[in-house]
Amino acid sequence: MQCRCCMFEVENGKASCPVCGFPTLGGISSEHQSIIDEYRTNKLKNISIDILAYRYSIDGSGGITEYDSEYIKLAEALSLTYGEVLWVDDKFESFEANRSIVLDISICKGDVRKECRVDLVPGEPVDCSGFGIYLDRGFIIKLAVGDKNKYHLTESISLIDI
Ligand SMILES: [Zn+2]
Numbered sequence: 000m001q002c003r004c005c006m007f008e009v010e011n012g013k014a015s016c017p018v019c020g021f022p023t024l025g026g027i028s029s030e031h032q033s034i035i036d037e038y039r040t041n042k043l044k045n046i047s048i049d050i051l052a053y054r055y056s057i058d059g060s061g062g063i064t065e066y067d068s069e070y071i072k073l074a075e076a077l078s079l080t081y082g083e084v085l086w087v088d089d090k091f092e093s094f095e096a097n098r099s100i101v102l103d104i105s106i107c108k109g110d111v112r113k114e115c116r117v118d119l120v121p122g123e124p125v126d127c128s129g130f131g132i133y134l135d136r137g138f139i140i141k142l143a144v145g146d147k148n149k150y151h152l153t154e155s156i157s158l159i160d161i
């Protein structure tokens with residue numbers, strides 16, 4: 000059965016969701032939807048998703064030097080909707096990639112930062128004009144690269160195992 004809070008597919012017979020801990024047994028009538036919402040809010044509040052942006056310059060001999068990197072916040076976890084991509088303002092230079100791309104993502108909760116490096120292996124050229132965040136089952140996110148009409152998704156990152 001599907002967890003009513005994080006949408007994870009829970010094995011039959013389990014009393015609670017192994018991902019978020021929400022009980023699977025017992026009915027929750029529609030007027031108690033607020034219980035689910037409150038539980039979800041508690042799980043996801045204060046969690047943000049950042050991307051590490053690098054800036055490069057060309058040195059005197061024509062080589063490329065990385066001279067700066069900083070985390071840029073993409074979104075708050077609570078602003079995500081299951082099964083949808085939340086597109087973020089494009090603060091990034093558009094580029095065309097015809098190889099795999101590595102993205103340094105970090106999940107932040109308060110002072111704790113979990114750093115993850117994820118691959119995007121599209122198998123075809125990607126127009127990296129926009130970034131979005133796709134919320135999958137079990138409070139898992141995938142970065143979306145492209146635009147609303149055509150995008151590719153990266154590997155998965157858990158929002159809550161920090
Ligand atoms: Zn769950």
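Heads up: the sequence shown runs through residues 0 to 161, numbered per numbering that gives the first Met the number 0. Built from N, CA and C at the ideal position, the CB exists for glycine as well.
1. Give me the pocket residues for ligand 1, defined as CB within less than 6 angstroms of any heavy atom, sorted by chain position.
2. To the nearest angstrom, how far is the alpha carbon of G25 from that of R39?
3. Could you give the distance in angstroms between the alpha-carbon of K44 and the alpha-carbon of E37?
4. Tell me the rounded alpha-carbon separation between H151 and C127.
5. Rounded to the nearest angstrom, what separates T153 and P121 at their Cα positions?
6. What three-state label does DSSP hand L158 in the structure shown?
7. Tell me the residue span of the beta strand (DSSP E) that contains L134.
The short version:
1. Having a Cβ closer than 6 angstroms to some heavy atom of ligand 1 are C2, C4, C5, F7, C16, V18, C19 and F21.
2. Position 26 of the sequence shown, counting from 1, holds the residue named residue 25. Position 40 of the sequence shown, counting from 1, holds the residue named residue 39. Going by the C-alpha atoms only, they are around 18 angstroms apart.
3. In the sequence shown, the residue the question calls residue 44 occupies position 45. In the sequence shown, the residue the question calls residue 37 occupies position 38. Cα to Cα, K44 sits roughly 10 angstroms from E37.
4. Within the sequence shown, residue 151 is the residue found at index 152, counting from 1. Within the sequence shown, residue 127 is the residue found at index 128, counting from 1. C-alpha separation (whole angstroms): 10 angstroms.
5. Taking the first residue of the sequence shown as position 1, residue 153 is located at position 154. Taking the first residue of the sequence shown as position 1, residue 121 is located at position 122. Going by the C-alpha atoms only, they are around 9 angstroms apart.
6. Within the sequence shown, residue 158 is the residue found at index 159, counting from 1. Note: L158 maps to coil in three-state DSSP.
7. Translated into the one-based positions of the sequence shown, residue 134 becomes position 135. In the DSSP assignment, L134 falls within the beta strand (DSSP E) that extends over F130 to D135.
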